[in-house]
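Chains as they are written, first to last, in the UniProt record's numbering: chain Z, 1 to 203; chain E, 1 to 203; chain C, 1 to 203; chain D, 1 to 203. Beta carbons: idealized from backbone N, C-alpha and C, even for Gly. Accompanying notes for the structure given below.
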DNA sequence: CATGAATGAGCGTTCATTCAT
DNA sequence: GATGAATGAACGCTCATTCAT
């Protein structure tokens, strides 16, 4: 188990790199093994199949995203503050793991039927965090009540995700702070109930 | 030529269906042909390669999206009204062509390096429409000046796209009107300069 | 029949060009048709199959070679003179129809089992001309009797053919006269009985 | 590596057989694999492509031919003797590797433009051996000076090659000794300067 | 456990041939 | 007869997976 753990980390990094560069289908187990510095057979000692390797990547990645986001969200007390923290954490995560996030959008968010239940659970797991915040905010009267929770939550996720990918993957130059402020301004103003305490965005 | 035109439509529909169900890599020319009711060779009489078929799909689709959006945008006079129309048109397009839109997100927005210039041009072409509206609105003082144009434009696209896909592809039941209102409320409030004429969203 | 004749000539030229540039297998009926300025279907109205087209090419070509060679051979009286004329005629034919001759060596002489009886008959038909001259020369005492007729005849053909191809196809510059003299000198001296009347090679 | 070496021999034999029976284009990797007793994929573990397999065959074959010829040529002292040895070695090589030699004539000597530089180098490499002997013989005064070296060298190669193929591939019965004597008599007499020491052909 | 050679199903693409117009 | 769109068998090549060493 300890050995498995020791082996899995280099595989994880190599796999993320290969899968995100080539996409699931064009990535080859051969290349993952080569980049991880091991033999192909060894890959199969750690993961039963290419699909399992891929799914474990996604799982691990969403867990990291969730954990980073939850940590930041917990540091704020009020709902708008928590949503602001969530936007910042997601953007920061996308910047740090841009390769991984390309995967997320293209293979997981892009094609519904392809990855079935397992991925579906992960996907809706992250969305649930946003939904919970919005619902609680609506109950407290600080988030507009006429927003449909599902639509608002996925819109927030999509806005941050696509803006992030566009900047971090497609543009060679970008001003991180400026993007962050824009997303906060755009989404928080849109979410927040008019007249509700106008806590100025942090920083 | 006439024959070519007549033949290409069924192929287009079949190809969109197959590519969006399976993604580019797992889609097979065999299946596209079978679903279009023609032989594999006939496919190659109309498109030189799988990649060309795919790219022509993307091109055709983005053209339809652009044209639908431009038409609706032109019907409104003021910038906020135009942005509202754009949101509506994009959402409506995603509802009507949900299969095609899965493709859009997963293969085009998802993986930057994979489809190179040709797709890149199409992609940035649509984003440009949104950017132009935002810039003009900022000049007129009806859109917040502290929004970075690139980030705001991609965020708007991403918000509508991901919310739409979530509803139309992943959820079996959804209330279209409710989603539309939520997106308009969320994004227009976020974009609009405080105090600027509060034209109530149409409808 | 007249129409067939009128159509077949352009097809013949186009087919020789395509087959000799690409070889039998990589040549396509499409390209033959395009170069002949007709539709693919028309090709099939004139020749039942690709193979038949190819064989008719070979047949026509060997007939032209045979007829050119027989004409020149008939103009000389003595056997050595006739052999000298044959060498000259074959070399001249290879220079004029170099494309066609590439075909001859590669597809006909190269692979025995491939073209079966039909080609075999043509092939041995031309060799027979040489064999007959050698045999008659041996009977007259002007050609060495210790030469095996088969080997000598094919050697003469091969020497002229390979030297011709090498010069006309592979080399960009060559002196035709010099090659002709070399082949005559080499082969005639080798064939001729020592001491037999040393008719100086013509020219 | 050891495994590779061990594997390549059966593949080589199978490939020569298939390529020479069918020619490059009609030969299939499937059949080569089947005859070598391995799976198609294994073929591709040893050779990157059909073309590479083919070229490595040609290379290996010409190397064997060159080495056999050089060995025999080295055993004689005088130029005519060396040429005699060359003729014998080439004929013997053609008899032993008749399948391979069909390939040589049809695909390599037959079509100039098809196999480009790589084969061209091999081709001219062997011809060079003959040319060197002729040139040296001309300098020594034992080979006729009025023979153009290029034409004479290719003629010698072609004479032996075509006579050999004709006997070994097309004829079921042949007398090897008789063919050898005929070629030596024909070509050596043709090459040798009149009056130069008439070393009777060995045997 | 690690290795990497062997496997073979699967797919993109080509092209000779047919046949409705 | 002429046309060229339609057909589908065939082939080169890839790569996930297995397994003997």
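Could you tell me whether any Cβ in chain D is nearer than 9 Å to the Cβ of residue i?
i	result
residue 141/C	no
residue 157/C	yes
residue 81/C	no
residue 183/C	yes
residue 150/C	yes
residue 171/C	yes
residue 179/C	yes
residue 144/C	yes
residue 154/C	yes
Return the chain-ordered list of same chain residues with a C-beta closer than 7 Å to the C-beta of residue i, the five sequence neighbours on each side being excluded.
i	result
residue 104/E	61
residue 17/E	35, 99
residue 157/Z	127, 130
residue 30/E	40
residue 143/C	79, 134, 137, 191, 192, 193
residue 54/C	19, 24
Can a CB atom of chain C be found closer than 9 Å to the CB of residue i?
i	result
residue 166/D	yes
residue 75/D	no
residue 174/D	yes
residue 96/D	no
residue 53/D	no
residue 89/D	no
Just mark residue i as buried or exposed, buried being the case when its beta carbon has 16 or more other beta carbons within 10 Å.
i	result
residue 49/Z	exposed
residue 9/Z	exposed
residue 100/C	buried
residue 42/C	exposed
residue 148/E	buried
residue 153/D	buried
residue 198/C	Here residue 198/C scores only 49 on pLDDT, less than 50, and its place in the model should not be relied on; the value that follows carries that caveat. Exposed, because fewer than 16 other Cβ atoms sit within 10 Å of the Cβ of residue 198/C.
residue 20/D	buried
residue 141/Z	exposed
residue 106/C	buried
residue 47/Z	buried
residue 121/C	exposed
residue 125/E	exposed
residue 72/E	buried
residue 138/Z	buried
residue 136/C	exposed
residue 189/Z	buried
residue 70/D	exposed
residue 51/C	exposed
Which residues in the same chain as residue i place their Cβ atom closer than 6 Å to its Cβ, once the five residues preceding and following it in sequence are excluded?
i	result
residue 167/D	174, 179
residue 164/E	91, 94
residue 151/C	none
residue 74/E	none
residue 22/D	none
Quickly, what does DSSP pair residue i with across the bridge? List them, please.
i	result
residue 192/E	143/E
Say whether chain E places a C-beta atom closer than 9 Å to the C-beta of residue i.
i	result
residue 61/Z	no
residue 186/Z	yes
residue 106/Z	yes
residue 23/Z	yes
Measuring only between beta-carbons, confirm whether residue i sits less than 9 Å from chain Z.
i	result
residue 35/E	no
residue 117/E	no
residue 121/E	no
residue 58/E	no
residue 147/E	yes
residue 163/E	yes
residue 190/E	yes
residue 93/E	no
To which residues of the same chain is residue i closer than 8 Å at the C-beta, ignoring the five residues directly before and after it?
i	result
residue 182/D	163
residue 13/Z	36
### Query
For the stretch 19-88 of chain D, which segments carrying the alpha helix (DSSP H) assignment without a break, of at least 4 residues, lie completely within its bounds, in sequence order?
29-36, 40-46, 50-74
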